[in-house]
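> The opening position of the sequence shown corresponds to residue 2 in this note's numbering, with each subsequent residue numbered one higher. In this text, a Cβ means the ideal position worked out from N, Cα and C, and glycines have one as well.
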Amino acid sequence: MLEALAEEIRKRTSLVCEWNPTLISLRDPAVVLTPETLEFELEGEARVEGVWHYTAALTLKATLTGEGPRGPEFLAEMMEASFRVGLLFLEPWSFPLGGGIEATFAASRTAKGRFFALEEEEGEGPFLYEEVWDGKLVFPVTVSREAGRLSLVAPGWPIEIKTGGA
Numbered sequence: 002m003l004e005a006l007a008e009e010i011r012k013r014t015s016l017v018c019e020w021n022p023t024l025i026s027l028r029d030p031a032v033v034l035t036p037e038t039l040e041f042e043l044e045g046e047a048r049v050e051g052v053w054h055y056t057a058a059l060t061l062k063a064t065l066t067g068e069g070p071r072g073p074e075f076l077a078e079m080m081e082a083s084f085r086v087g088l089l090f091l092e093p094w095s096f097p098l099g100g101g102i103e104a105t106f107a108a109s110r111t112a113k114g115r116f117f118a119l120e121e122e123e124g125e126g127p128f129l130y131e132e133v134w135d136g137k138l139v140f141p142v143t144v145s146r147e148a149g150r151l152s153l154v155a156p157g158w159p160i161e162i163k164t165g166g167a
């Protein structure tokens, strides 16, 4: 699922997009997705007994980052990347996850982007740019409960979760 989101961001911005549980610094401008929490909200029971519909929401940080030399070229490169990401995250957008399932992604900027000097001495060494967005990926989940097992019903989601019992 995160790989599908990363691929969609790559297609829409032409920037590298990786997902990782910890923030990483990449030399070229890149978007790094860091998952935080996964929550489910019950939408209702289907007509078939034992089948429930949920809306799942994965919160994450989407960080635009890049490292480069001091000077106008790196500044221009990061400003362009920031513009592309800002346009993409201006409004929520949907994309297919597979198996007939669509997800919707929305993000809001937590603070303005910032340049950091990576060296202690002024005027020496490269800059790091970082711009952080709070994101939310929302998608439907249908769950079947049978004999102590939870199974995601939608095609393309062969996931089973043991809940105890036989």
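1) Give me the Cα-Cα distance between E78 and A31, rounded to the nearest whole angstrom.
2) Are G114 and T60 touching if we call contact CB-CB under 9 Å?
3) Evaluate A112 with the Cβ neighbour count: other Cβ atoms within 10 Å of its Cβ, from every protein chain shown; 16 or more gives buried, anything less gives exposed.
4) Just tell me which of V133, P141, I102, S145 has its CA closest to the CA of T35.
5) Ignore the nearest five residues each way along the sequence and tell me which others in F41's own chain have a CB closer than 6 Å to its CB.
6) With burial defined as no fewer than 16 other Cβ atoms inside 10 Å of the residue's Cβ, what is the status of L98: buried or exposed?
7) How long is the line joining the alpha carbons of I162 and F117, rounded to whole angstroms?
8) Any idea which residues DSSP pairs F128 with across the strands?
9) Determine which residues share a DSSP beta bridge with E8 and list them.
10) Look at the Cβ atom of F128, then the Cβ atom of P73, and state whether they are nearer than 9 Å.
11) Taking the alpha carbon of R85 as the reference point, which residue from E103, R110, T14 has its own alpha carbon closest?
12) Closest by CA to V142, which one among S109, R110, G100?
13) I'd like to know whether the C-beta atoms of A107 and A5 end up nearer to each other than 9 Å.
14) Note down, in chain order, each residue of its chain lying with its Cβ closer than 7 Å to the Cβ of F75, except the 5 sequence neighbours on either side.
In terms of the structure at hand:
1) 11 Å
2) no
3) exposed
4) V133
5) Y55, A57
6) buried
7) Low confidence applies to I162: its pLDDT is 42, below 50, so where it sits in the model is not reliable enough to give any reading.
8) G69, A118
9) Beta-bridge pairing links E8 to no other residue.
10) no
11) T14
12) G100
13) no
14) G69, F128
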